[in-house]
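Participant: Numbering follows the UniProt record's numbering, with no gaps: position 187 of the sequence shown is 187.
C-beta atoms are modelled at their ideal positions from N, C-alpha and C, and glycine is treated no differently.
The structure that follows is given in the form of structure tokens.
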Amino acid sequence: MEQRIVKNDEGVSPVIAVILMVAITVVLAAVLYVWAASFLEQGESAPIATFTVETSSSGEYYVKVIKVSKQEDLAGFKYYLKDETGSTYVGGNGFGEIAMQVIAGEEHGIENTYNGDDPVLESRKNNVSADDGSEFPVHFNDNDRDGKLSAGDQFTVYGTGNSANGPASSGWKLDIQFDASGDIVGWGEIN
């Protein structure tokens with residue numbers, strides 16, 4: 001038996017093989033770049049907050065911050081007072097930004113008892129009415145005076161009663177929104 005070696009000249013040339021490998025590498029790199037970039041574009045994650053609500057006999061509801069997963073500046077939050085149907089209360093000054101609310105050209109939103117070190121918040125304390133809830137149904141008190149939403153801070157929501165003349169009643173809630181992500185970080189149910 002005779003052995004023959006058959007030579008096949010129809011293979012892929014080394015130049016074409018190198019070009020194909022470079023092209024595949026470029027496509028894989030592009031796919032990995034797009035995939036990795038999608039993780040970076042998710043924006044700032046919102047903190048998570050826990051609240052408790054206490055009701056006074058005078059018609060005031062105290063929404064207290066119990067815990068916040070990470071502290072952020074007050075200017076980065078908004079609060080919304082919602083009725084029992086889930087609609088945002090827009091009468092009076094029922095919605096706004098904590099420490100950043102502008103009403104009729106004046107900045108509002110920080111409790112008038114604020115005595116912290118932040119000069120911007122200090123200037124705003126004088127603009128908040130010490131009303132009974134008829135003009136400002138929600139007041140905020142930065143109890144630790146750090147200019148951040150943190151444990152110990154408190155919202156006062158005014159309902160009707162002996163010393164309160166606000167709109168809130170049982171079944172309403174106060175939503176706290178983080179502006180950077182648009183997420184509701186927590187809420188207080190009024191019962």
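Could you check whether A46 and V185 sit closer than 8 Å to each other, using their CB atoms as the reference points?
Facilitator: Indexing the sequence shown from 1 puts residue 185 at position 185. Indexing the sequence shown from 1 puts residue 46 at position 46. Yes, the pair counts as a contact, with Cβ atoms nearer than the cut-off.
Participant: Pull up the DSSP beta-bridge partners for Y89, would you.
Facilitator: Taking the first residue of the sequence shown as position 1, residue 89 is located at position 89. Paired residue(s): none; Y89 is not in a bridge.
Participant: Among V53, V90, G166, K148, which has the Cα closest to the Cα of F178?
Facilitator: Start at 1 with the first residue of the sequence shown, and residue 178 comes out as number 178. If we check each option's Cα against that of F178, K148 comes out closest.
Participant: Leaving out five residues before and five after I66 in sequence, what residues of the same chain have Cβ atoms less than 7 Å from its Cβ?
Facilitator: On the sequence shown, residue 66 is found 66 positions in, with the first residue counted as 1. Around I66: T50, F51, T52, A151.
Participant: Taking the alpha carbon of D153 as the reference point, which residue from I5, D144, V27 has its own alpha carbon closest?
Facilitator: Taking the sequence shown and counting its residues from 1, one reaches residue 153 at position 153. Minimum Cα distance to D153 is reached at D144.
Participant: DSSP three-state label for A49, please.
Facilitator: Counting from 1 along the sequence shown, the entry for residue 49 is found at position 49. Reduced to three states, the DSSP call for A49 is strand.
Participant: In three-state DSSP terms, what is W35?
Facilitator: Numbered from its first residue, the sequence shown carries residue 35 at position 35. Three-state result, W35: helix.
Participant: Helix, strand or coil: how does DSSP classify I24 here?
Facilitator: Taking the first residue of the sequence shown as position 1, residue 24 is located at position 24. Correct three-state label for I24: helix.
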